[in-house]
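The structure under discussion appears below in the form of structure tokens.
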Amino acid sequence: MLRADVSPSRALRKNKAQTGDLVQLLTPDGVRREDPVYDPVVADVDDEQLTGLYEDMVVVRRFDTEAVALQRQGQLGLWPPLLGQEAAQIGSARALRDDDFVFTSYRENGVAYCRGAQPADLMRVWRGTALAGWDPRSIGMATPQVMIGSQTLHATGYALGCVKDGVDSAVVAYFGDGATSKGDVHEAMVFAASFQAPVVFFCQNNQWAISEPVGLQAQRPIADRAPGLGIPSIRVDGNDVLAVMAATRVALDRARRGDGPTFIEAVTYRMGPHTTSDDPTRYVDPADKELWAAKDPIARLEKFLTIPDDRVADITSKADAFATAMREACYALPDPEPLSVFDHVLVEPTPDLIRQRSQYAAYLEMFEGGEG
Ligand SMILES: Cc1ncc(C[n+]2csc(CCOP(=O)(O)OP(=O)(O)O)c2C)c(N)n1
Ligand SMILES: [Mg+2]
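If you count the sequence shown from 1, position 60 lands on 60 in the working numbering, and the numbers rise without skipping.
Here you go:
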């Protein structure tokens, strides 16, 4: 069969269904747009708070870039960059309360930063020295799921638990456009709608599921998938940090009021590779990248705000300090014992696992010093 038969056509890549109205409070040129519905929701967000969101985005972009460099230098096995998605992550995460809980995929390191993850926490898993980066209870964030979409099920379950506990904490499930094609995500949404679970389904539509363009898997905007399941949805400019915060606040308020789940599609763009193992030059049209570079979330806030030079200098040094701390923490992580890879797999190890362990132990014995 010709490869062309199975390749997404140009028409699908540019699927018109993916364009349309978005909630937007700040245009890419940094102009504030009036919105009678969403303006009141962020009326308290003054220039100082916006500068705080700007700082978050600068810090996150800085450490994300550092992590890519660490991977290129052989210090990390892999890293999933979030370049371009800073507003979607910061705007939503900064709408949360400490007693809320989030369940994410692998790309939400900006969310982890907002929840309080420390530099070392972001390194452990990608350096391969631990099975999890942090204690979920300490920062109100589960450890990331690499299995696409499964965290949405955990989020719905946790949200139902909040109702049973009689607390008004809310839950956010983060996932990508590609995940919306998974059964798990639909099951989580149907269940949440049935029982009015206080959960926000937050989809970062970054236009790609690895090399598959969103237009191939979604003939309608992703946000249109939820109403069919009985969940209202909001389609927001995911590169507009203020609009994302407004949309997330609306959704969280609904959840706390007992009005059930909301779906948010944050329309954004993955400016880098899927992960450091990916080569997007094989499938990304450079013209698209240019188009999205003009909608950069950080640049639009720079155009809107007039941040004094000394504050910019402070923010830059804070970002540098976090990135430096992360690099140092990465170097300092202790190597695990090789055989510990078999620990915590199963409560009762199977004969197969025991056999594999002893074979690996014999292999390690071949080197001087045995296991070490
Ligand atoms: C259940 C499952 N199937 C397939 C994969 C392989 N895989 C890893 S990332 C990915 C694409 C996910 O795209 P999307 O949901 O849009 O998230 P993004 O990476 O763009 O943030 C796939 C298919 C996986 N990790 N888990
Ligand atoms: Mg995606």
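The beta-carbon is built from N, C-alpha and C at its ideal position, and this holds for glycine as well.
Predicted model only: the values in this text are computed from it and were never measured.
Neighbour-count burial assignment, residue i, 16 or more Cβ in a 10 Å radius
i      : result
Glu265 : buried
Tyr331 : exposed
Ile354 : exposed
Ile231 : buried
Arg270 : buried
Phe201 : buried
Pro261 : buried
Arg3   : A caution first: Arg3 carries a pLDDT of 37, below 50, which makes its placement in the model unreliable, though a value can still be read off. Exposed, because fewer than 16 other Cβ atoms sit within 10 Å of the Cβ of Arg3.
His344 : exposed
Glu34  : exposed
Ser317 : exposed
Tyr54  : buried
Glu108 : buried
Met366 : exposed
Glu290 : exposed
Lys295 : buried
Tyr363 : exposed
Leu301 : buried
Gln73  : exposed
Ala313 : exposed
Asp177 : buried
Val267 : buried
Arg137 : exposed
Met141 : buried
Val347 : exposed
Residue i Cβ short of 7 Å to ligand 1 heavy atom set
i      : result
Phe175 : yes
Ala376 : For residue 376 there is no data in the structure shown, the boundaries of the chain being 1 and 372.
Gln151 : no
Gln378 : Outside the shown range of the chain, which is 1 to 372, sits residue 378, and nothing can be said about it.
Val146 : yes
His154 : no
Arg282 : no
His274 : yes
Arg235 : no
Arg62  : no
Ser105 : yes
Arg32  : no
Arg72  : no
Arg225 : no
Arg270 : yes
Per-residue DSSP class, three states only, for residue i
i      : result
Met57  : helix
Pro8   : Annotation note: pLDDT 44 at Pro8 (below 50); position unreliable, coordinate value reported separately. Three-state result, Pro8: coil.
Ser233 : strand
Glu373 : In the structure as shown, the chain starts at 1 and stops at 372, and residue 373 therefore has no counterpart that could be examined.
Glu265 : strand
Tyr375 : No answer is possible for residue 375: the residues shown for the chain start at 1 and end at 372.
Gln49  : helix
Gln204 : strand
Tyr174 : strand
Arg355 : helix
Leu291 : helix
Val37  : coil
Arg282 : helix
Phe63  : helix
Val31  : coil
Thr141 : Checking the sequence, you will find Met at residue 141 rather than Thr. In the structure shown, Met141 sits in a strand (DSSP, three-state: E or B).
Phe101 : strand
Val199 : strand
Arg3   : Caution applies to Arg3, whose pLDDT of 37 falls short of 50 and renders its modelled position unreliable; the value that the coordinates give is listed next. Looking at Arg3 - three-state DSSP - the assignment turns out to be helix.
Ala361 : helix
Gly372 : Any reading at Gly372 must be qualified, since the residue scores a pLDDT of 49, below 50, and its modelled position is unreliable; the value itself is stated next. Here Gly372 sits in coil by DSSP.
Leu26  : strand
Ser169 : coil
Arg13  : Confidence at Arg13 is low in this model, with a pLDDT of 47, below 50, so its placement is unreliable and the value that follows should be read with caution. Helix, per DSSP.
Met366 : coil
Pro227 : helix
Ala112 : helix
Near ligand 2: residue i beta-carbon under 7 Å from a heavy atom
i      : result
Ala209 : yes
Asn109 : no
Asn206 : yes
Near ligand 4: residue i beta-carbon under 7 Å from a heavy atom
i      : result
Ile210 : With respect to small molecules bound, the structure shown includes ligand 1 and ligand 2 and not ligand 4.
Query raised in the report: Contact between the stretch 84-102 and the stretch 201-219: three or more CB pairs below 8 Å?
Result: yes
Query raised in the report: When the Cβ atoms of the stretch 279-296 are set against those of the stretch 242-259, are three or more pairs found closer than 8 Å?
Result: Flag = no, the stretch 279-296 and the stretch 242-259 do not touch.
Query raised in the report: Which ranges would you report for the alpha helix (DSSP H) in the stretch 295-349 if only whole runs of at least 4 residues count?
Result: 297-304, 309-332
Report task. Kindly confirm or deny that the stretch 319-329 and the stretch 113-133 touch, where touching means at least three C-beta pairs closer than 8 Å. Result -> Short answer: they touch.
Query raised in the report: Which ranges would you report for the alpha helix (DSSP H) in the stretch 72-98 if only whole runs of at least 4 residues count?
Result: Taken in chain order, the unbroken stretches of alpha helix (DSSP H) that lie wholly in the stretch 72-98 and span 4 residues or more are 86-93.
Requested in this report: For the stretch 147-158 and the stretch 184-193, state whether three or more C-beta atom pairs, one from each stretch, are separated by less than 8 Å.
Outcome: yes
Requested in this report: Evaluate contact between the stretch 88-103 and the stretch 167-181, counting only Cβ atoms and requiring at least three cross-stretch pairs below 8 Å.
Outcome: yes
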